[in-house]
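What follows is a set of notes on a single structure, which appears directly below.
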Amino acid sequence: MFSQACRKIGIKVSPHVEFKRCLLRSSLCHQKIESNAKSTEHSYSNADQGDSEPTLYDKFLQNPQSVPLITSRKLEYPNKYRAPRQAWLETLSTVEDHKLGMVDLHPDVFAVHPRLDILYHNLRWQEFYKKIDYNWTPGRGDLDVTTRKQMPQKGTGRARNRNRDSIMFRTGAKPLGPRGPKALFYMLPKRYRVQGLCTALSFKYAQNNLHIVDSLEIPEDDPQYIQDLIDTRFWGFSALFVDDTDYMPENTSLALAEFPQYNLCPVYGLNVRDMLKHETLILTLAAVEKIKQKLLFHSHRNRRDTKFTMDKRYDQY
Amino acid sequence: MGIEKALKLVRTLPRVSLGNIKNSPMDQKKKFDLRRGWGKNKTHGRGHKGQGQRMTLPKLGFETGHKPFYQRVPQEHYYAGHHLKRQYPPLSLLKLQRMIDLGCVNTDEVIDLTSICMTGHYHFDVDKRHYGVNLTEQGAEIFATPVCIEVQWASELVIATIERLGGVIMTRFYDPLSLTALKDPEAYFKTGKPIPKCKLPPTDAVEYYTDPKVRGYLADPEKIAEERVALAQKYGYELPDLSQSDKLSMFLKRKDPRQIFFGLQPGWIVNLADRKILKPKSEYLQEYYNS
C-alpha cells in the first residue's frame, strides 16, 4: 500500500527497505532526541536538491574560493606535549575523491599507545558479558534412580557399593560438573573500555583506515554509486559509517541497505569489535567532535570504580 | 617518544583485525595443574603419607617451634631509608693541601671534581650513592693556598678557611650520570655517548644549593657577596680583595647549571681517536640540550 503510494509520487521504494527505514528512525530511540536542524531538513527533504541548502562540495564546485580550506581546527583542550594529528576532510558527494580540507585530531584520542592487549580485553569483554553457559549435568540427587543397594556387601568379588547414582559407577553422576545456567557477565573497568575505543581509533588512523567526511549524504540512492565510491577510493571490503545522531540520510540508508558489509552507526553504538571487524571507518566531522569530547571527558575522570548500574541510557554516556 | 615510535611501526604492519589480536604473554593465566595426567595416578605427585600428602605442611618461615629467623632479627628504625640517602665521601683540607704540595693538583685552574679524582688520592663510587666531595675541616689550621675549588658539600669553617686565604669555593650538584662522566672523562668519551645535560638537584637538596651561606650554585650572587662579608666578620679575618689578584679570570669562571665540563657543552660528542668534537645539528636536539 505504502509502496503503491510512493510509486505514484515517483520515489523508488522496495518493501524490505521500508522496514529497515522504520527500524532506523523509530525503534532505536524512544524519546525524541534533539538533532541538527540541517540534517533533519536533508533527511526529510525529497529529491529536489536545488531547494535545500547546497552541500560543501556543491559550494566548492561553484566557487572554490567560497569554501574555506580548513587547514587546522582549534582543539579545545590541546595536549601540551604532543602535536595533534591531521586528517583529510573528504566528501561522499562524488564518486571521485575530492579533499575539502584538513582537520586536526586530538592525540589523546587518535594517537594513543597502540596496545593490542587492551583491544584483546575489550573484545573478550564484548564477547563474554552477554554469554550465558547453559551446560548442566545432573548430580547425585538429580538422577532418577532408586536407593536400593546394588549388590550384597560381601561375596560378589566386586567392590562394595550402594545405589546406582554413585560417582564410582559408569552410569553414575558427575560430582562437580557444570550446574545450570551460569552468567559470564562482568564489566571491564571504565578506563579500559575508554582506552580500548581510543586504541581502536588510533590503530585505524595509523593504518590509514580512518576517513573523515563532512556528512553522510549522497546525491542518489543508487547502491552502485556507493560501490563505485568505495572501489575508487580503495576503502576495502567492509566499511563502517559513523554519524553523530541516529537519524541517517534517506539516500544513504537506501543505498547501503543492499550491502551487509557496509554499515551505518551512530556515535553511541561505536565499539571496538565493530571498528576492527570493518576494514575502514568513516566518521563525520560532527561525530569526531562528539567522540573526542566524550572520550576525553571519561579518560580524565578520577572516580573510583563502582559497581555497574543501569542508570544511564546507552546514548547518555 | 615510545608511543610515536610504536605508531610509526604500526603503519607498516598488517591491518589489525579480529583475527590477529592476542593477549600480552605476561597477562595470560597459568593453567592450574590438576595432576590428573598420565603418570599422576595413585598419589598424584605427593608421595606417601606425612604432611606432604595430607596438606598439613607448616607455614613459610616456621622453624619447628623456636623463635624463627625473621622474628629474631629486630627492626632498626634508625636505619630506615638509609639505602636511599645521598653520601658525600670526605676529603679533608689536610689531604687537599698535601695534594697541592705534591703537585697533583694545579692551583692555576679551577679545582673540579675531575681534578680531584685524577690525582688518584680520592675515590668515590657512583653505584654506592656517592654524590661527590665533602670537604671536611681537618687541616683547616695548616691550609695555606688560595684556590678556586668546586665541591658538593662544605661546612662554614671550610668556606671561611678558603676565603680568608683569598680563594673561592662553590658548592655544585651533579646527578649520577654526570658523575660517571666527571669521574673518568676519558673512559666516558670512549663510550661514544654525548655529554649529558646535568639535572637539577632533588627536592630535599634544593634548599642547600640555593643557600648563599654555603655558596650554592643556584644562589643569588649578590647575596653570596654579602655572606662573604658576614662570614669574615664572624670569624674575624679581613676579606681579601680578589679584584686585585692576577687570577681574576680564573676566580670568575663559572659553569652553567646544565654544564659539566668547562669549555664543553651538553650534547657534544668528543671523539678522542680522530681528535674531533661532534655537535648536534637537528633542532629538537639543540632545543633539548639548551633547555
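Going line by line, the protein sequences match chains A and B. First residue of the first sequence: 116, per this note's numbering; consecutive thereafter. First residue of the second sequence: 7, per this note's numbering; consecutive thereafter. Glycine included, C-beta positions come from ideal geometry on N, C-alpha and C.
Opening and closing residue of the beta strand (DSSP E) in which Ile168 of chain B lies: Careful: Ile168 of chain B lies outside any beta strand (DSSP E), inside the alpha helix (DSSP H) at 162-170.
Cβ of Lys289 of chain A within 7 angstroms of any chain B Cβ: no
Cα-Cα separation between Leu278 of chain B and Gly222 of chain B, rounded to whole angstroms: 33 angstroms
CA-to-CA distance, Thr261 of chain A to Thr286 of chain A, given in whole angstroms: 13 angstroms
Leu312 of chain A vs Leu355 of chain A beta-carbon contact at 7 angstroms: no
Residues of the region 31-65 of chain B with Cβ closer than 7 angstroms to any Cβ of chain A, in chain order: Asp33
Selection of the region 391-403 of chain A by Cβ proximity to chain B, strictly under 9 angstroms: Leu391, Lys392, Glu394
Closer than 7 angstroms to chain A by CB, Asn29 of chain B: yes
Which listed residue (B:Val132, B:Thr197, B:Ile106, B:Arg264) has its alpha carbon closest to that of Leu90 of chain B: B:Val132
In DSSP terms, what Lys297 of chain A is bridged to: A:Asp248
Listed by chain order, chain B residues near Ser317 of chain A by CB distance under 8 angstroms: Leu13
Leu344 of chain A versus A:Val227, A:Tyr377, A:Tyr301, residue with shortest Cα-Cα distance: A:Tyr377
First and last residue of the uninterrupted alpha helix (DSSP H) at Gly311 of chain A: 305-321
C-beta contact flag for Arg255 of chain A and Asp223 of chain A at 7 angstroms: no
For Ile230 of chain B and Lys219 of chain B, the rounded distance between their alpha carbons: 7 angstroms
Exposure label - Thr142 of chain B; buried when at least 16 CB within 10 Å: buried
Cβ neighbour criterion (16 or more within 10 Å) applied to Trp159 of chain B: buried
Any 3 or more C-beta pairs closer than 8 angstroms across the region 398-413 of chain A and the region 308-323 of chain A: yes
Ordered list of beta strand (DSSP E) runs contained in the region 230-279 of chain B, each at least 3 residues: 275-277
Cutoff 6 angstroms; reference Ser184 of chain B; Cβ partners in own chain excluding five residues on either side: Pro202, Cys204, Ile266
Under 7 angstroms between C-beta atoms of Met256 of chain B and Cys154 of chain B: yes
Beta bridge counterpart(s) of Phe68 of chain B as assigned by DSSP: Its beta-bridge partners do not exist; DSSP assigns none.
Selected residue, minimal CA-CA separation from Leu237 of chain B, among B:Pro20, B:Glu192, B:Glu162: B:Glu162
Beta-carbon neighbours of Leu24 of chain B, restricted to chain A and to distances below 8 angstroms: Leu238, Arg388, Leu391, Lys392
Per-residue contacts from Thr232 of chain A into chain B (C-beta, under 7 angstroms): The amino acid occupying residue 232 of chain A in the given sequence is Asp; Thr does not appear at that position. Residues of chain B passing the Cβ test: Asn29, Ser30, Asp33.
Unbroken beta strand (DSSP E) run spanning Asn378 of chain A, endpoints: 377-381
Interface flag, Pro229 of chain A vs chain B, CB-CB below 7 angstroms: yes
Contacts that Arg21 of chain B makes with chain A (C-beta to C-beta distance below 8 angstroms): Gln322, Asn324, Glu394
Residue span of the alpha helix (DSSP H) that contains Phe195 of chain B, given as start and end: 191-197
Same chain, Cβ closer than 7 angstroms to Gly51 of chain B, five either side skipped, listed in chain order: Arg41
Ser255 of chain B Cβ short of 6 angstroms to the ligand GDP heavy atom set: Here there are no bound small molecules, and the ligand GDP is not part of this structure.
Contacts around Gln146 of chain A, its chain only, beta-carbon distance under 7 angstroms, and the 5 residues preceding and following it disregarded: A caution first: Gln146 of chain A carries a pLDDT of 35, below 50, which makes its placement in the model too unreliable to give a value.
C-beta neighbour in chain B for Tyr235 of chain A, strict 7 angstroms: yes
Residue closest to Leu24 of chain B, alpha-carbon to alpha-carbon, out of A:Thr252, A:Phe352, A:Arg388, A:Leu398: A:Arg388
As assigned by DSSP and simplified to three states, the class of Val22 of chain B: coil
Ala288 of chain A in three-state terms, based on DSSP: coil
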